[in-house]
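Colleague: When we follow full-length UniProt numbering, the leftmost residue of the sequence shown carries the number 1, and every step to the right adds one. Cβ coordinates follow ideal geometry from the N, Cα and C atoms, glycine included. The structure follows.
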Amino acid sequence: LLAIALDTVVYVYNVDSGGVTAVRAIQGGREYVTSVCGLVWSPIQKELLSSHGYSQNELCLWAYPRMNRIKEFTGHTARVLHMALSPDGASVVSAAADETLRFWSVFGPPSASTRPPRFHLTSSLCGVR
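Now the structure itself:
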């Protein structure tokens, strides 16, 4: 289970033991720290996509578990508010405060042997009021 607290830390919880197994502080694509606004996990690629707020307004792709930054996705002009993974696990759509949706080819198409489960559940507590 992955969680964020709208700061620079990604918390990785072990749901079997109930404890925190790792805590990672990640930064956006620049040298300064920015808040992590959202996460998308690719179980096929073992990669994590984070969305960031002011002043970067970008998405960053990370190799898990070392959290090495692989790539940055830029284009939004305001903070990224939400992200959702496509059913095939290859693409992500992001919604930002600039009132735009952007579609990103992030994880690549899955092979027949590594396709995600038919019903893949992702959720975000950011949308809960």
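1. Closest by CA to V80, which one among S105, L101 and S42?
2. Determine the extent of the beta strand (DSSP E) in which S105 is found, giving its start and end residues.
3. Find out if the Cβ-Cβ distance for the pair S50, G89 is shorter than 8 Å.
4. Residues in the same chain with beta-carbon distance under 8 Å from S91, minus the five sequence neighbours each way, listed in chain order, please.
5. Within 10 angstroms of the Cβ of V10, are there 16 or more other Cβ atoms? Answer buried if so, exposed if not.
6. Going along the chain, which unbroken runs of the beta strand (DSSP E) with 3 or more residues stay wholly within the region 36-107?
7. Looking only at its chain, what residues have a beta carbon closer than 7 Å to the beta carbon of K46, apart from the 5 residues adjacent to it on each side?
8. Can you say whether E58 is buried or exposed, counting buried as having 16 or more other CB atoms within 10 angstroms of its CB?
9. When the distance is taken between beta carbons, is T77 closer than 8 Å to D98?
10. Please name the residue or residues paired with V15 in a DSSP beta bridge.
11. Taking its Cβ as the centre, do 16 or more other Cβ atoms sit within 10 Å of V15, making it buried, or is it exposed?
Modeller: Considering the structure as presented:
1. L101
2. L101 to S105
3. no
4. L85, F103, W104, S105, V106 and F107
5. buried
6. 36-42, 47-52, 59-63, 68-73, 80-85, 91-96 and 101-105
7. Y64
8. buried
9. yes
10. In DSSP, V15 forms no bridge with anything.
11. exposed
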